[in-house]
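Participant: Okay, here's the structure, questions in a sec.
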Amino acid sequence: MEQIYTIPVNEAFEAGMEDPTRGCPFCRLRDKLAKEEVDRVLGASMMEPDTRQQTNVHGFCGHHLEQLTAAGKRLPLALILESHLIEIGNAMKKPGVLPAAAGGDTAKKLDGISRDCYICSRIDFHFQHMLETAALLWEGDTAFHKKCLSQPYFCLPHFAEFLQAARARMKGKDFGAFYKQLYEKESAFLEKLGGDVSWFVKKFDYRYADEPWNDAKDSIERASAFLNGNEGAL
Ligand SMILES: [Zn+2]
Ligand SMILES: [Zn+2]
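Note that our numbering has the sequence shown beginning at 63, numbered continuously upward.
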């Protein structure tokens with residue numbers, strides 16, 4: 063288990079224990095990775111040929127281009143975009159013996175570039191290690207059980223990814239015990255959330271108009287954060 067991952071994973075889980083409003087700890091880890099990548103891309107590595115070669119080829123998704131723009135380092139960003147646009151121009155110019163076939167290849171290539179993101183792929187790489195690290199921490203450090211079980215919730219995409227990483231990395235009997243406890247925790251959260259959304263619906267029925275809202279008022283926002291994660295929300 064690599065220290066570069068155990069420290070941030072432990073920190074994110076400890077922060078989630080102390081402040082439940084932080085939501086899913088894996089969303090916070092991805093936020094941290096995104097911030098580090100944005101800083102790195104616009105910092106010294108901007109001039110490193112290896113990184114530039116990669117950003118030229120892969121480009122950025124809309125979400126991360128927004129983050130790069132919001133970082134306020136407009137000149138380094140403009141230089142990166144300048145060479146990325148040249149790369150796209152080169153991809154578009156591809157001449158072919160058979161124009162129709164060449165056009166099809168170009169479309170495929172451009173479609174690939176438009177869906178690609180240098181920052182997403184870097185985050186995915188590190189995040190996969192963090193998921194595996196969390197699974198190994200559970201297996202090797204009983205103090206981590208409490209940290210896991212004290213999180214407010216895991217968002218659905220990260221709950222699924224955490225289970226997959228644990229299934230791949232843990233011994234069968236450890237995974238069984240892990241899944242049982244995580245399942246109990248997550249299903250209790252789901253039941254409460256579902257109840258809050260149902261109460262929200264009931265409040266639109268005149269018979270319940272004078273009843274208190276309880277926890278229903280922000281249940282749609284909380285359901286959305288659970289279903290899709292809330293990266294970038296804090
Ligand atoms: Zn999450
Ligand atoms: Zn991206």
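A virtual CB, placed ideally from N, CA and C, is assigned to each residue, including glycine.
Is it a yes or a no for the stretch 91-99 touching the stretch 139-154, going by three-plus beta-carbon pairs under 8 Å?
Facilitator: No contact exists between the stretch 91-99 and the stretch 139-154.
Participant: So, do the stretch 178-189 and the stretch 205-212 have three or more beta carbon pairs nearer to each other than 8 Å?
Facilitator: In short, these stretches do not touch, since the Cβ pair count stays below three.
Participant: Where the beta carbon is closer than 5 Å to any heavy atom of ligand 1, which residues qualify, in chain order?
Facilitator: Here the residues come out as Cys86, Phe88, Cys89, Cys217, His220, Gly291.
Participant: How about cysteine 182 and cysteine 123: do their beta carbons lie closer than 9 Å?
Facilitator: As a first step, residue 182 must be located in the sequence shown, where it is residue number 120. As a first step, residue 123 must be located in the sequence shown, where it is residue number 61. Cβ atoms of cysteine 182 and cysteine 123: closer than 9 Å.
Participant: Return the chain-ordered ranges of every alpha helix (DSSP H) run that is complete within the stretch 264-293 and spans a minimum of 4 residues.
Facilitator: Runs of the alpha helix (DSSP H) inside the stretch 264-293: 281-290.
Participant: Pull every residue with its beta-carbon under 5 Å away from any heavy atom of ligand 2, and keep them in chain order.
Facilitator: Output, sorted by chain position: Cys123, His126, Cys179, Ile181, Cys182.
Participant: Using only the alpha-carbon positions, how far apart do glutamate 80 and glycine 291 sit?
Facilitator: If you number the sequence shown from 1, residue 80 lands on position 18. If you number the sequence shown from 1, residue 291 lands on position 229. Glutamate 80 and glycine 291: Cα-Cα distance of roughly 19 Å.
Participant: Please classify valine 100 as buried or exposed, where buried requires at least 16 neighbouring CB atoms within 10 angstroms.
Facilitator: Position 38 of the sequence shown, counting from 1, holds the residue named residue 100. Flag for valine 100 reads buried.
Participant: Is it the case that the stretch 235-242 contacts the stretch 105-117, given that we only count it when at least three CB pairs across the two stretches are under 8 Å?
Facilitator: Touching, no, given that fewer than three Cβ pairs across the two stretches are closer than 8 Å.
Participant: Have a look at Lys233, Asp167, Glu248 and flag the residue whose alpha-carbon is nearest the alpha-carbon of alanine 222.
Facilitator: The residue you call residue 222 lines up with position 160 of the sequence shown. Among Lys233, Asp167, Glu248, the Cα nearest to that of alanine 222 belongs to Glu248.
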